[in-house]
Amino acid sequence: MRKALLLIITIFTLAGCHKKNQQSQPAANNPVPSTPVSITLYPNDPLNFKIQAIGGWMYYSGGINGIIIYRKSEQEFIALERTSSYLPDNANAKVKVQNDNFTCKDSISGSKWQIIDGTVIAGPATWGLRLYGTTFDGSVLKIRN
């Protein structure tokens, strides 16, 4: 029993270290430049049907190379920059959502990220995708940085 508890604590500690290392990198060092974003949209509008259900996503213009908007829950949305954090100066390395609707990938470097939070799944990228702030009041979604 004691060994099992120690194993569980070790696993959570190691899993937490990876995420902490990625998140603790100063935002000023982010390879993807910051650009002003101020978007207001209405998820319940028929034009935005792709994000009306949890797990839905859509591409939206804005940011540098566009934004991926993902509906994480009834009240929470994620907005990810489509610029690859591995090749931020290459416009052709635009991040695309894969057929599994969970993974985002740039087709040049092969780097992959999770759509739910932009964290790296597979390199060579070491930085997550740039996140934009979102607020949702039940009818209006605002995306800002």
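Just so you know, we're using numbering that gives the first Met the number 0 here: the sequence shown kicks off at 0 and counts up by one. Cβ atoms here follow ideal geometry from the backbone N, Cα and C, with glycine treated the same way.
Inset, instruction - Enumerate in chain order the residues of its own chain whose CB-to-CB distance from Trp126 is below 8 Å, with the five nearest sequence positions on each side excluded. - result: These residues qualify, in order along the chain: Gln21, Gln24, Asn29, Pro30, Val31, Ser84, Tyr85 and Val119.
Legend entry - Cross-strand partners of Ile38 (DSSP beta bridge): Answer is Ile142, bridged to Ile38.
Legend entry - Per-residue DSSP class, three states only, for Lys49: Helix, per DSSP.
Legend entry - Burial state of Thr134 (16 or more Cβ within 10 Å): Exposed, since its Cβ has fewer than 16 Cβ neighbours within 10 Å.
Legend entry - Candidates Glu80, Thr102, Asp99 and Gly132, of which the one nearest Lys93 by Cα: When each option's Cα is compared against that of Lys93, the closest is Glu80.
Legend entry - Neighbour-count burial assignment, Asn64, 16 or more Cβ in a 10 Å radius: Label assigned to Asn64: buried.
Inset, instruction - Determine the closest residue to Arg129 out of Ile107, Gly61, Ser106 and Tyr41, with distance taken between C-alpha atoms. - result: Ranking the options by Cα distance to Arg129, first place goes to Gly61.
Legend entry - Residues bridged to Pro80 [DSSP beta-bridge criterion]: What sits at residue 80 in the sequence shown is Glu, not Pro. Bridge partners of Glu80: Ile66.
Legend entry - Alpha carbon of Asp136 to alpha carbon of Ile107, nearest angstrom: In this model, Asp136 and Ile107 are separated by some 38 Å (Cα to Cα).
Legend entry - Selection from Asn98, Phe48, Asp44 and Tyr59 that minimises the alpha carbon distance to Ser37: Selection Asn98, Phe48, Asp44 and Tyr59 evaluated against Ser37 yields Tyr59 as nearest (Cα-Cα).
Inset, instruction - Taking only the alpha-carbon atoms, compute the straight-line gap between Gly132 and Gly122 and give it to the nearest angstrom. - result: Rounded to whole angstroms, Gly132 to Gly122 spans 25 Å at the Cα level.
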